[in-house]
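Working notes, structure below.
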Amino acid sequence: MSDYQKVAKTIDYLFHHVSEQPSLATLAGQAKLSEYHFQRVFSRMVGISPKRFLQLLTLQQAQQELINNTAVTHTSENVGLSSSSRLYDHFVTLNAVTPGEFKGQGESLTITTGIHDTLYGPIFLASTPRGICQLGFVDPKQPDAELALLQRNWPKAKIHEQTTLTATLAEQLFSPGTTNQFAPQRPLSLHVKGTNFQVAVWRALMRLPFGETATYSDIARQIERPRAVRAVASAIANNPVAWLIPCHRVIRKSGLTGEYRWGSERKKLLQQFESFTVA
């Protein structure tokens, strides 16, 4: 288990055992590291010490009066009207492929790729000259699945692994120690391939405020297709850019976390971390 996996596991443990106020020794034991090494690794990746993280998490739990274990804010109306979402709009721009590019299937297009470690797991990052075209979490059981998906979506493109180039993007998106991630550090562009309906759904997802959630029905109403809930769910399932097109913020009407292409546990971790950061 790598360091980022150990830290992610520890954060999940903290969310579930905050009332026990676990000691540094307990947390280090969860990560299977010495207390000294765990303190250094956690502080480097999260940006604050384990003790400070626990203090802030305890405060958040107290403020919410232990309402429930998921501690997510449900957005049912006015989706995308918060200041955080408006700020996000200025930093991330979604550019859909043109009809000609769609038909050309990536012909004359060069795509650079790379795999990088993050707190939430390794990511596969792919970018064209116009922006990020794919971002997905790598499944250890299917390490080549993201690359295969890229090749299916852009069969005629020239795909080159250039980790040194994509590393800059990865650092910008998942910089260790970044605890206020309402928007990336610098403006970004996305270059995605999808139907008009899919693109409309993805744009709606990008208007969801950081740290808040919405249901599939909320998104359907946002794009003025209230009866197209299943189609919305399908478009969300086919989201090509995790995190930046935040499909992890969509939950079931019952309030349950729901499925996630990159794993329901990772989805819950992303929601928990955003909720904690906002608080």
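Residue numbers (full-length UniProt numbering): 1 to 279.
Glycine included, every Cβ here is placed at the ideal spot set by N, Cα and C.
Can you pull the DSSP bridge partners for residue i?
i: isoleucine 251; result: Thr215
i: threonine 113; result: Ala126 and Glu161
i: histidine 191; result: Asn95
i: phenylalanine 273; result: Note: phenylalanine 273 sits in no beta bridge, so no partner.
i: leucine 135; result: Leu125 and Val241
i: glutamine 142; result: Asp139
Less than 9 Å separating the beta-carbons of residue i and residue j?
i: glycine 194; j: proline 129; result: no
i: glycine 131; j: threonine 168; result: no
i: leucine 208; j: arginine 249; result: yes
i: leucine 27; j: phenylalanine 38; result: yes
i: alanine 170; j: isoleucine 123; result: yes
i: tryptophan 202; j: isoleucine 245; result: yes
i: alanine 157; j: glutamine 105; result: yes
i: tryptophan 262; j: glycine 100; result: no
i: phenylalanine 15; j: phenylalanine 276; result: yes
i: threonine 113; j: glutamine 162; result: yes
i: alanine 233; j: tyrosine 216; result: yes
i: leucine 109; j: tryptophan 154; result: yes
i: lysine 51; j: leucine 24; result: yes
i: glutamine 134; j: leucine 149; result: yes
Whole-angstrom Cβ separation of residue i and residue j, contact assumed at under 8 Å?
i: threonine 118; j: phenylalanine 174; result: 4 Å
i: serine 127; j: isoleucine 115; result: Not quite, the Cβ-Cβ distance comes to about 13 Å (not below 8 Å), so this is no contact.
i: leucine 269; j: aspartate 12; result: 6 Å
i: threonine 164; j: leucine 125; result: With 8 Å as the limit, threonine 164 and leucine 125 do not qualify as a contact, their Cβ atoms being about 12 Å apart.
i: phenylalanine 197; j: alanine 220; result: At roughly 11 Å, the Cβ-Cβ gap does not stay under 8 Å, so phenylalanine 197 and alanine 220 are not in contact.
Sorted by chain position, which residues of the same chain lie with C-beta nearer than 6 Å to residue i's C-beta, five sequence neighbours on each side aside?
i: alanine 31; result: Lys6, Thr10 and Phe38
i: valine 97; result: Lys193
i: glycine 255; result: none
i: glutamine 272; result: Phe15
i: histidine 17; result: none
i: proline 22; result: none
i: glycine 136; result: Phe124, Glu146 and Ala242
i: residue 314; result: Beyond the ends of the chain as shown, which are 1 and 279, falls residue 314; an answer cannot be given.
For residue i, I'd like the list of residues in its chain whose CB is within less than 7 Å of its CB, leaving aside the five on either flank, ordered along the chain.
i: cysteine 247; result: Leu205, Ile236 and Asn239
i: glutamate 224; result: none
i: tyrosine 260; result: His248, Arg266 and Lys267
i: leucine 66; result: Confidence at leucine 66 is low in this model, with a pLDDT of 37, below 50, so its placement is unreliable and no value can be given for it.
i: glutamate 274; result: Phe210 and Gly211
i: glutamate 35; result: Leu24, Ala25 and Ala28
i: valine 229; result: Tyr216, Ser217 and Ala220
In chain order, what residues of the same chain have a beta carbon less than 8 Å from the beta carbon of residue i, not counting five sequence neighbours either side?
i: serine 264; result: Thr257 and Gly258
i: leucine 190; result: Val92, Thr93, Leu94, Asn95, Gly131, Ile132, Cys133, Val241, Leu244 and Ile245
i: serine 49; result: Gln39, Phe42 and Ser43
(request) Could you name each continuous alpha helix (DSSP H) segment of 4 residues or more that falls completely within the stretch 19-54, going from the start of the chain to the end? (result) For the alpha helix (DSSP H) assignment, the uninterrupted runs of no fewer than 4 residues enclosed by the stretch 19-54 are, from N- to C-terminal side, 24-31 and 35-46.
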